[in-house]
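Number of protein chains: 2
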Amino acid sequence: MMTTQELAHAFTELCKAGKFDDAGKRFWSEDIVSIEPMTGEMAMLKGRKAVEAKGAWWAANHEVHSISVEGPFTNGEQFALRFALDVTPKGKARMSMTEVGLYTLKDGKVVEERFFFGG
Amino acid sequence: MMTTQELAHAFTELCKAGKFDDAGKRFWSEDIVSIEPMTGEMAMLKGRKAVEAKGAWWAANHEVHSISVEGPFTNGEQFALRFALDVTPKGKARMSMTEVGLYTLKDGKVVEERFFFGG
Numbered sequence: 033m034m035t036t037q038e039l040a041h042a043f044t045e046l047c048k049a050g051k052f053d054d055a056g057k058r059f060w061s062e063d064i065v066s067i068e069p070m071t072g073e074m075a076m077l078k079g080r081k082a083v084e085a086k087g088a089w090w091a092a093n094h095e096v097h098s099i100s101v102e103g104p105f106t107n108g109e110q111f112a113l114r115f116a117l118d119v120t121p122k123g124k125a126r127m128s129m130t131e132v133g134l135y136t137l138k139d140g141k142v143v144e145e146r147f148f149f150g151g
Numbered sequence: 033m034m035t036t037q038e039l040a041h042a043f044t045e046l047c048k049a050g051k052f053d054d055a056g057k058r059f060w061s062e063d064i065v066s067i068e069p070m071t072g073e074m075a076m077l078k079g080r081k082a083v084e085a086k087g088a089w090w091a092a093n094h095e096v097h098s099i100s101v102e103g104p105f106t107n108g109e110q111f112a113l114r115f116a117l118d119v120t121p122k123g124k125a126r127m128s129m130t131e132v133g134l135y136t137l138k139d140g141k142v143v144e145e146r147f148f149f150g151g
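Written out as structure tokens, the structure is:
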């Protein structure tokens, strides 16, 4: 089984290459929980299918100009990534935003991803 | 009681001003738990006195050239900060490092700080 460091680096390399879907396919647990800092039905999703559907929805509703990824920052069974996004949400103005993703591992898989939005 | 956003911003403003001790004095719970990504006695400290002692040890053993603070990144009862440090540890070479601090709130106080080290 990969160590936290090894898994974090492999996951991060895929993200830095823009292969977010591949990172999920390879490393998400079937029971992945995804937590966003918002209210409503997107706030917490459970299970690979629901989280993949969120990713597909996001991709269909955002024009991505660039996403830069910094990290991983590691501690125990967790690692964090910092994202800087330059995107145009469908029907809205182009925007820059930063966020932190916190990933929790168990048995060599990501069992939780939790996102924090910058101000 | 301050909201997570309000507390996170007040805490962050003190850190951005270099007033890390003041941030702790004002916002740490008496039962603050501090978790570092290392082994040994510094890995997990419990209680304000122990965490203050760690801060004093760190200050006495590092010459700080600059610390920049980005954030806060918020979600629910937690917020994250990104630190970029330029320091010289006592007797060692000057070094740059990045880390993420994750702060967990309860009843208007920081009950846990957890640090993640960049690669």
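Going down the list, the protein sequences come from chains A and B.
So the first sequence is numbered by this note's numbering: it starts at 33 and just counts up by one.
So the second sequence is numbered by this note's numbering: it starts at 33 and just counts up by one.
Glycine included, C-beta positions come from ideal geometry on N, C-alpha and C.
On a predicted model such as this, the values are computed, not experimentally measured, just so you know.
### Query
Hey, B/V132 and B/A112: beta-carbon distance below 8 Å or not?
Your numbering for residue 132 of chain B matches position 100 in the second sequence. Your numbering for residue 112 of chain B matches position 80 in the second sequence. Yes. Within cutoff.
#### Entry: Beta-carbon proximity list for A/L117, same chain, < 6 Å, skipping 5 on both sides
Indexing the first sequence from 1 puts residue 117 of chain A at position 85. Once the five neighbours on either side are set aside, the close Cβ partners of A/L117 are I99 and M129.
### Message
For a quick check, are the C-beta atoms of A/T44 and A/V96 less than 8 Å apart?
### Response
For this step, residue 44 of chain A is matched to residue 12 along the first sequence. For this step, residue 96 of chain A is matched to residue 64 along the first sequence. For A/T44 and A/V96, no; Cβs fall outside 8 Å.
### Task
Taking A/L46 as the query, report the chain B residues whose CB atoms sit under 8 Å from its CB, ordered along the chain.
Taking the first sequence and counting its residues from 1, one reaches residue 46 of chain A at position 14. Under the 8 Å cutoff, chain B gives no residues; its nearest Cβ is about 15 Å from A/L46.
### Task
Could you tell me the boundaries of the alpha helix (DSSP H) in which B/T36 lies?
Counted from its first residue, the second sequence places residue 36 of chain B at position 4. That run of the alpha helix (DSSP H) goes T36 to K48.
### C-beta atoms of A/F155 and A/K138 nearer than 8 Å
Lying outside 33 to 151, the shown extent of chain A, residue 155 of chain A is not represented and no answer is given.
### Task
Write down every uninterrupted run of the beta strand (DSSP E) in the stretch 66 to 132 of chain A whose length is 3 residues or greater and which is fully enclosed by it, in chain order.
76 to 78, 94 to 107 and 110 to 121
### Task
Below 8 Å between beta carbons is the criterion; list the residues of the stretch 102 to 132 of chain A that meet it against any residue of chain B, in chain order.
Taking 8 Å as the Cβ-Cβ cut-off against chain B, the residues of the stretch 102 to 132 of chain A that qualify are E102, G103, P104, F105, T106, N107, G108, Q110, F111, A112, R114, T130, E131 and V132.
### Query
Is it the case that the Cβ atoms of B/G103 and A/P69 are separated by a distance below 8 Å?
Numbered from 1 along the second sequence, position 71 holds the residue referred to as residue 103 of chain B. Numbered from 1 along the first sequence, position 37 holds the residue referred to as residue 69 of chain A. No, Cβ-Cβ distance for B/G103 and A/P69 is not below 8 Å.
### Task
Classify A/G72 as buried or exposed, calling it buried when 16 or more other Cβ atoms lie within 10 Å of its own Cβ.
The sequence position of residue 72 of chain A within the first sequence is 40, counting from 1. Exposed is the call here.
### Task
Name the two residues that bound the continuous beta strand (DSSP E) containing B/K141.
Here residue 141 of chain B refers to the residue found at position 109 of the second sequence. Note, B/K141: beta strand (DSSP E), K141 to G150.
### Query
If you run the structure through DSSP and keep just helix, strand and coil, what is B/K138?
Looking up residue 138 of chain B in the second sequence gives position 106. B/K138: strand per DSSP, three-state reduction.
### Message
Just to check my reading of the structure: B/T106 and A/F148 have Cβ atoms closer than 8 Å, yes? What is that Cβ distance to the nearest angstrom?
### Response
Locating residue 106 of chain B in the second sequence gives position 74, where the first residue counts as 1. Locating residue 148 of chain A in the first sequence gives position 116, where the first residue counts as 1. At roughly 6 Å, the Cβ-Cβ gap stays under 8 Å, so B/T106 and A/F148 are in contact.
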